[in-house]
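Undergrad:
Numbering (the numbering used here), first residue to last: 25 to 941.
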C-alpha cells in the first residue's frame with residue numbers, strides 16, 4: 025500500500041527542488057559549485073553538502089544517487105547531512121523550506137535518523153507546515169522500526185491541528201496503539217475514524233484483523249473479514265499475509281485459502297510462510313502437500329526463514345527424506361544456515377545419514393566430555409566476552425546463554441551494600457559480562473533470568489549502564505518480548521545510579537506510562553540544564569567568531585554522564601503531559617518557570633499542550649462518569665485551574681492562538697462570568713491573526729455561540745455564527761451544520777424580537793442540520809403566536825406533527841396562556857391537541873403519560889391549562905368547542921374539575937379566575 029503513498033511523497037518532495045536541478049543532470053559527475061541561483065524570494069541555507077551540490081542531490085532518485093556517487097560517498101553524505109541539520113536548527117532564522125530540503129535530501133540518501141530529526145523539528149517549530157508527503161514517509165519509517173510509542177505521539181500532536189482528522193493521522197494512532205499491544209485503544213481510534221466518515225484502508229483492516237485474531241476474538245475477525253474484498257482497493261503482500269494468518273489462527277483455514285486465491289496475488293516468500301503456517305496449525309495435510317508441490321513453479325527467492333518453514337512442513341507431512349533436497353537447494357542458493365536450520369538438521373539426523381548433512385551439527389561440549397572423559401576447562405570472564413559476542417553475532421543464542429551460565433551466580437547478602445535488602449531469586453554477573461549476559465538470555469528466550477539479573481543490577485554498585493540500557497530498549501519496544509515493567513525498572517535504575525540515558529524520549533514515555541512524576545522531574549531538569557548550557561556555549565562562540573573549541577578530556581568524561589538522543593521540544597511536552605495527567609498542575613507551571621529561568625521562554629505550543637492534556641483528562645473523567653451512570657458532570661480540572669494556567673500564560677505575554685482557544689473552550693465554559701468573558705476575548709484576539717490557519721472544532725464553536733448568547737449582543741452572535749459556518753465550508757462544503765448552532769441563533773433572535781428572521785431560520789433547519797430543535801421550535805412558536813400570524817403558526821404545528829415532537833407540560837401551559845393573552849381560542853385548542861397527541865395513546869385514551877399526577881404541582885398546572893382554554897372558548901362564544909372540551913376535561917380529569925370550575929363561575933368569578941390564571 026505504501027508504494028503508492030511513497031511515490032506521491034517523492035513527487036511532493038521533488039517540487040521543492042529548484043529548476044536549476046534539471047541543468048545539473050547534464051553536467052559532470054559532481055557539481056561542486058551551483059551553476060544557477062535559486063529563484064528570487066527563496067534563499068537556501070545550504071548550497072552543497074560534503075562537496076556535492078544541493079540541487080544535484082534533490083534532482084536524482086535514490087537509485088541514481090547510489091549509482092553515480094557510490095556507497096562510500098553516500099555514507100559521507102549521510103554524515104554531512106546530520107551535521108548540516110544540527111547547524112540549521114540551531115539558527116534563530118531557520119525557515120521551513122530549509123528543513124524540508126534537508127528532509128528531501130535525507131530521504132534520497134536513506135539517512136533515516138536525519139529524516140526523523142527533521143520531522144521532529146518541524147513538529148516542534150512548524151507543525152502547520154507539515155504536508156502529507158512528509159507524514160507518509162515518516163509513517164513508513166516508523167512502521168519499519170515498529171515504534172508504536174512515537175507513532176502514537178505523532179497522532180497526539182498532529183490531531184489537534186485539524187478540524188476533521190485526516191485518515192493519514194488516524195493511521196498513526198491506530199497502528200501506534202496496535203504496536204504497543206493496546207487493542208482496545210486502537211479499536212476506539214478506529215471507530216472514531218469510521219464515525220468521522222473515513223473508509224478503512226485495507227492495511228488498517230488487516231492489522232485490526234490480525235490483532236483480534238491474536239486476542240482470540242473469532243467473532244470480530246469474521247465480522248471484519250466480511251467487510252473486506254481482496255479485489256477492491258490496494259493490497260500489499262504483508263496485508264494479504266496478515267489476513268491469511270488471522271483466519272488460520274481462529275480455525276478457518278478454508279477461508280484463508282479462498283482469500284489468497286481471490287486476491288490474484290503472485291506467490292511470494294512471506295505468503296508461502298503464511299499459507300504453510302495455516303496448514304500446520306489447522307492439520308491441513310493435503311493443502312500443505314499441494315502448496316509444496318506448486319512452489320517451484322513461481323521461481324521464488326527464499327530466505328532461511330522460508331526454507332525452515334518448508335522443512336517444518338515436510339516434518340509435519342512425515343516426508344523427512346525430502347529435507348536433504350531442501351538443504352541442497354539452500355546451499356545452491358547460498359542461503360545461510362541459521363539456528364533453526366541447524367535444529368532441524370539435528371532433529372532429522374536419522375533421515376540424513378549418507379548425505380552431506382549427516383555431520384552438520386557440531387558436537388556439543390557435553391558430547392566431547394562423554395567421548396574423552398575430560399571436563400573442558402572453564403574460560404575466564406575476560407576471554408568469555410568475545411566468545412559470547414561471536415556466538416551472538418551468529419544468532420547462536422542458546423550456546424551463548426550456556427556459556428554465560430558459567431559466570432552467573434545467585435546474589436548473596438554479602439554482595440550487597442550495607443542496609444540493602446536482598447532481592448528474592450536475584451542473579452549476579454560481572455559488570456564486564458553484564459550486557460552480553462542480557463543479550464544471550466534475550467536471544468535464547470530466557471526472559472526470567474533477565475529479570476533476575478535486573479534485580480541485582482538495581483542494588484549493586486558497578487558499571488551496569490549498558491546492560492540496563494539493553495533491557496530498557498529491548499523490552500520497551502513493541503514485539504513478542506515487550507515487557508514495559510522490566511523496561512521501566514531498568515530505566516529507573518539507570519537514573520538512580522547516575523548512568524547515561526541514551527534514549528531520553530523513551531525514558532520519559534515509560535515514566536509517563538507508569539505515572540512516575542519524580543523521575544520525570546529528575547530527567548527534565550537535567551536535560552534542560554544540559555541543553556541550556558550547550559546553547560549558551562554555542563552562542564558565546566558564535567558571538568566571538570571563534571571556531572568550536574576542542575573538547576577536553578575532562579569534558580569528555582563529564583559528557584558520558586549526561587543524556588543523548590533527545591528532542592528538546594518532545595522532552596518539554598512529554599513532561600508537561602505527565603504532570604497534567606497525574607493531577608500535578610502546579611508542577612507543570614513550575615516546569616514552565618524552570619524553562620524561563622534557563623532562557624528558554626515557554627511558547628504558545630507549550631501552553632497548548634498543557635490545555636490539550638487538561639481537556640483530555642476532562643474527557644476521560646466524563647467517560648468514566650458516564651460508565652458509572654453518574655448524574656453529576658465529571659471533570660478532572662475546574663475552570664479555576666484553567667484560569668490559573670491562563671494567567672501564567674498572560675504573565676509571559678504569550679500570544680493566544682486558535683489552538684489554545686480550542687483547548688480551553690470546554691474548561692472555561694463551566695466557569696463564572698469573568699472566565700466566560702476571557703474565553704470570548706481570547707477568541708476575538710486569536711481571530712485577528714491572518715497567519716493562524718488552525719480551524720476550531722465544531723464543539724468549540726458551539727460553546728462560543730452559547731457564551732456569546734449569554735454575555736454578548738445579537739450582532740456579535742451573528743458574526744460568530746458566520747465564522748462557524750465558514751469554518752465548516754472551508755473543510756467540507758456539503759457538511760451539515762450542528763443543530764446546536766442554529767438553535768442558539770434562532771432562540772436569541774426570538775428573544776431580541778427578530779421573530780421573522782428566527783422563523784425563517786427555523787424553517788431551513790431541517791435542510792441545514794438534518795432535523796429540528798425542540799427548544800428553537802417552542803421558542804419561535806411562542807413568539808409567532810403573539811403576532812397572530814396564523815399561516816406561520818400552522819407551519820410550525822405541522823413541524824410538530826410531522827416530527828412527532830412531544831410538547832412538555834410547562835411549554836404547553838405557557839403557550840395556552842399566550843393564546844389567552846392574544847384572545848385566540850383556536851390556538852389554545854390546537855395546543856391541547858398537540859399536547860394530548862404526545863401524552864395520550866389509543867391503548868389508554870384517558871391516561872396521561874410522562875406526567876406524574878401524584879405531583880400536586882404538575883396536576884394543578886394541568887388542570888389550570890385546561891381551565892384557561894375552556895374559559896377562552898366560552899368567553900368568545902365558541903359554545904360547540906366549549907361543550908366538546910368540557911366533555912374531554914371530564915373524561916381526562918374527572919367531574920370534580922368541572923364542578924370546581926362551576927363553583928368559580930359565581931359573582932366573584934372574575935377574581936377567582938384571575939387567581940387561577
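For every residue, glycine included, the Cβ atom is placed at its ideal position computed from N, Cα and C.
Bear in mind the structure is a predicted one, so any value in this text is a computation, not a measurement.
Along the chain, where does the alpha helix (DSSP H) containing residue 786 start, and where does it finish?
TA: Per DSSP, residue 786 belongs to the alpha helix (DSSP H) from 779-787.
Undergrad: Quick one, which of 248, 290 and 268 has its alpha-carbon nearest residue 283's?
TA: Of the listed residues, the one whose Cα sits closest to residue 283 is 268.
Undergrad: Taking the straight line between their C-alpha atoms, what separation do you get for residue 521 and residue 593?
TA: Computed Cα separation, rounded: 26 Å.
Undergrad: Kindly identify the DSSP beta-bridge partner or partners of residue 434.
TA: BP columns for residue 434 point to 451.
Undergrad: If you reduce the DSSP assignment to three classes, tell me which class residue 12 lands in.
TA: An answer regarding residue 12 cannot be provided, because it is not within the stretch 25 to 941 covered by the chain.
Undergrad: Over what stretch of residues does the alpha helix (DSSP H) that includes residue 260 continue unbroken?
TA: Where residue 260 is concerned, there is no enclosing alpha helix (DSSP H), given that its DSSP letter is neither H nor E.
Undergrad: Have a look at 666, 676 and 660 and flag the residue whose alpha-carbon is nearest the alpha-carbon of residue 625.
TA: With distances taken between Cα atoms, residue 625 lies closest to 676.
Undergrad: For residue 506 and residue 172, what's the separation of their Cα atoms in angstroms?
TA: Answer to the nearest angstrom: the Cα atoms are 12 Å apart.
Undergrad: Could you name the residues of the same chain whose beta carbon sits closer than 6 Å to that of residue 397, not counting the 5 residues immediately before and after it, in chain order?
TA: Low per-residue confidence applies at residue 397: pLDDT is 40, beneath 50, and the placement is therefore not dependable, though the value from the model is reported in the following sentence. The answer is none, since no qualifying residue turns up.
Undergrad: Can the beta-carbon of residue 159 be found less than 8 Å from the beta-carbon of residue 175?
TA: Not closer than 8 Å, so no.
Undergrad: Thinking C-beta only, is residue 827 closer than 8 Å to residue 796?
TA: In this structure, residue 827 lies closer than 8 Å to residue 796 by Cβ.
Undergrad: Helix or strand or just coil, what does DSSP make of residue 73?
TA: It is a strand residue.
Undergrad: I need the DSSP call for residue 761, collapsed to helix, strand or coil.
TA: Reduced to three states, the DSSP call for residue 761 is coil.
Undergrad: Keeping to the same chain, check which residues put their C-beta closer than 6 Å to that of residue 234; ignore five residues upstream and five downstream.
TA: Excluding sequence neighbours, residue 234 sits near 266 and 270.
Undergrad: Any chance you could list the alpha helix (DSSP H) runs of at least 4 consecutive residues sitting entirely within the region 314-347, in chain order?
TA: Runs found: 328-340.
Undergrad: Alpha carbon to alpha carbon, how far is residue 108 from residue 206? Give it in angstroms, no decimals.
TA: Those two C-alpha atoms are separated by around 38 Å.
Undergrad: Could you tell me the alpha carbon to alpha carbon distance between residue 492 and residue 454, rounded to whole angstroms?
TA: The straight-line gap from Cα to Cα measures roughly 14 Å.
Undergrad: Counting only the same chain and skipping the five closest in sequence on each side, list residues whose C-beta sits under 6 Å from that of residue 423.
TA: So the list reads 415, once near-sequence residues are dropped.
Undergrad: Using the rule of at least 16 other Cβ atoms within 10 Å of the residue's Cβ for burial, across every protein chain shown, is residue 259 buried or exposed?
TA: By the neighbour-count rule (16 or more Cβ atoms within 10 Å), residue 259 is buried.
Undergrad: Which residue marks the beginning of the alpha helix (DSSP H) containing residue 729, and which one marks its end?
TA: Unbroken alpha helix (DSSP H) run through residue 729: 722-735.
Undergrad: Please report the straight-line C-alpha distance between residue 762 and residue 838, rounded to a whole angstrom.
TA: If you take the alpha carbons of residue 762 and residue 838, they lie about 28 Å apart.
Undergrad: Classify residue 391 as buried or exposed, calling it buried when 16 or more other Cβ atoms lie within 10 Å of its own Cβ.
TA: The predicted position of residue 391 is uncertain, since its pLDDT is 40 and thus under 50; no value can be drawn from it.
Undergrad: Assuming residue 751 contacts residue 719 (C-beta within less than 8 Å), just tell me the rounded distance between them.
TA: So it is a contact: roughly 5 Å between Cβ atoms.
Undergrad: Could you give the first and the last residue of the continuous alpha helix (DSSP H) run that contains residue 277?
TA: Per DSSP, residue 277 belongs to the alpha helix (DSSP H) from 277-287.
Undergrad: Please give me, in chain order, every unbroken run of the alpha helix (DSSP H) with length at least 4 that falls completely inside the region 859-911.
TA: Entirely contained in the region 859-911, the alpha helix (DSSP H) runs reaching 4 residues are, in chain order, 880-899.
Undergrad: Among 881, 880, 878 and 856, which one has its Cα closest to the Cα of residue 913?
TA: With distances taken between Cα atoms, residue 913 lies closest to 856.
Undergrad: Do you know offhand how far residue 289's Cα is from residue 295's?
TA: About 9 Å.
Undergrad: DSSP on residue 308, reduced to helix/strand/coil?
TA: Residue 308: coil per DSSP, three-state reduction.
Undergrad: One question on the structure: do residue 555 and residue 602 come within less than 8 Å of each other, judged by their Cβ atoms?
TA: Not closer than 8 Å, so no.
Undergrad: Just checking my contact of residue 484 with residue 452 at CB under 8 Å: how many whole Å lie between their CB atoms?
TA: Residue 484 to residue 452, Cβ: 7 Å. Contact.
Undergrad: Rounded C-beta distance between residue 457 and residue 409? I'm assuming under 8 Å.
TA: Sure, about 6 Å apart at Cβ, within 8 Å.
Undergrad: With DSSP collapsed to three states, give me the class of residue 712.
TA: If DSSP states are grouped into helix, strand and coil, residue 712 belongs with coil.
Undergrad: Span of the alpha helix (DSSP H) holding residue 490?
TA: That run of the alpha helix (DSSP H) goes 489-500.
Undergrad: Which same chain residues end up closer than 7 Å to residue 543 when comparing Cβ atoms and leaving out the 5 residues on each side of it in sequence?
TA: Same-chain partners within the cutoff: 516, 519 and 535.
Undergrad: Looking only at C-alpha atoms, which of 129, 523 and 141 sits nearest to residue 83?
TA: Checked all of 129, 523 and 141; the closest Cα to residue 83 is 129.
Undergrad: How close, in whole Å, do the beta carbons of residue 494 and residue 528 come, if the pair is a contact with beta carbons under 8 Å?
TA: Going by Cβ atoms, the distance from residue 494 to residue 528 rounds to 17 Å, so no, they are not a contact pair.
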